[in-house]
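Some notes on the structure that comes next.
Residue numbers (this note's numbering): 154 to 455.
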């Protein structure tokens, strides 16, 4: 009898506590959303944009930026270590899915959307208008010296030229290996692989004659570089979009509307300007992202 007198109140107290916790959970904010990014400036800015927009909508956000290259970011998403990150349509097509190149934006997006859902249970949200395609760039004086305007021109004189780019570009099928196949297996005098932030420094200080960059890099206008025409249309479109785990969307459906409101605002000129603010003006990606979002009305003004 004494034991029952002790246990019954304890059980009643335990049931009351469990009930209270259950009731409290029903009114709590959605779970923490882990936002990732790759390892270069544009990705830092985009990752901060995603995080800030979601926080503005009341979500708890954990930033896991600067993860590494495509394979690392994608593997982190598949493993559930992050819930979303910015990815490029062309990268999804060629590097992740290893499908043939397509030049039509809508076809590329439809193909990757379907395949990511089927293979990985991942969802592509609305892509931005910007097209951060790969581009090969030269200093105006060097382009004129060698008479180079197109990638075909470059291929014809490749054995005289040194190229600088990322380690990832050196290995990707939509990077140097695929480019060389598309343009008659040209052979460079040298390829210098560096961290993304050192590419343009290497070009401007004379370590290389050509740089493998992105169409939205701020350095293009800052250094008045010449973009070589991709005359064989090798590079597919590279629109950026959030790629999200299906499970995260089901738990937090508001992610979709919040980030889809952002995407249409990200155009080529906008992204070039924001990238340049970080690379040339030495501003922090988070500050640049917050200023842009506030100016465009996507964040409440503080």
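The beta-carbon is built from N, C-alpha and C at its ideal position, and this holds for glycine as well.
Residue j beta carbon less than 8 Å from that of residue i
i           : j           : result
residue 355 : residue 345 : yes
residue 402 : residue 249 : no
residue 241 : residue 431 : no
residue 225 : residue 350 : no
residue 253 : residue 200 : no
residue 218 : residue 411 : no
residue 274 : residue 404 : no
residue 443 : residue 237 : no
residue 198 : residue 438 : yes
residue 327 : residue 247 : yes
residue 338 : residue 424 : no
residue 409 : residue 209 : no
residue 303 : residue 381 : yes
residue 445 : residue 287 : no
residue 187 : residue 215 : yes
residue 426 : residue 361 : no
residue 376 : residue 353 : yes
residue 340 : residue 311 : yes
Start and end residues, beta strand (DSSP E) containing residue i
i           : result
residue 241 : 237-241
residue 366 : 363-367
residue 344 : 343-347
residue 318 : 315-319
residue 216 : 214-217
residue 264 : Unbroken run through residue 264 is the alpha helix (DSSP H), 258-273; no beta strand (DSSP E).
residue 186 : 186-189
DSSP state of residue i mapped onto helix, strand, coil
i           : result
residue 202 : helix
residue 310 : coil
residue 335 : helix
residue 352 : helix
residue 392 : strand
residue 449 : coil
residue 155 : With a pLDDT of only 48 at residue 155, under the threshold of 50, the placement of this residue in the model should not be trusted, and no figure is reported.
residue 380 : strand
residue 252 : coil
residue 290 : strand
Selection from the options that minimises the alpha carbon distance to residue i
i           : options            : result
residue 367 : 289, 203, 256      : 289
residue 422 : 447, 372, 293      : 372
residue 203 : 431, 262, 414, 400 : 414
residue 359 : 291, 389, 380, 198 : 291
residue 296 : 307, 408, 347      : 307
residue 313 : 363, 282, 445, 243 : 363
residue 265 : 443, 390, 445      : 390
residue 268 : 293, 245, 298      : 245
residue 397 : 229, 210, 222, 435 : 229
residue 189 : 234, 212, 213, 211 : 234
residue 196 : 419, 448, 340      : 419
residue 103 : 447, 311, 324      : The shown model of the chain, from 154 to 455, leaves out residue 103, and the question about it has no answer.
residue 282 : 435, 262, 270      : 262
residue 433 : 343, 260, 374      : 374
residue 260 : 271, 243, 272, 251 : 243
Outcome for residue i when other beta-carbon atoms lying within 10 angstroms are tallied against a minimum of 16
i           : result
residue 318 : buried
residue 450 : exposed
residue 384 : exposed
residue 191 : buried
residue 256 : exposed
residue 280 : buried
residue 369 : buried
residue 175 : Bear in mind that a pLDDT of 38 at residue 175, under 50, signals an unreliable position, so the number given afterwards is only what the model happens to contain. Per the 10 Å Cβ criterion, exposed.
residue 395 : buried
residue 428 : buried
residue 185 : exposed
residue 300 : exposed
residue 211 : exposed
residue 321 : buried
residue 294 : exposed
residue 232 : exposed
residue 440 : exposed
residue 435 : exposed
Segment limits, alpha helix (DSSP H) that includes residue i
i           : result
residue 422 : 421-432
residue 234 : Looking at the DSSP string, residue 234 is not in any alpha helix (DSSP H), and its letter there is neither H nor E.
residue 373 : 372-375
residue 409 : 407-415
residue 402 : 399-404
Closer than 7 Å: residue i CB and nearest the ligand NAD heavy atom
i           : result
residue 379 : The model on display carries no ligand, and the ligand NAD is accordingly not part of it.
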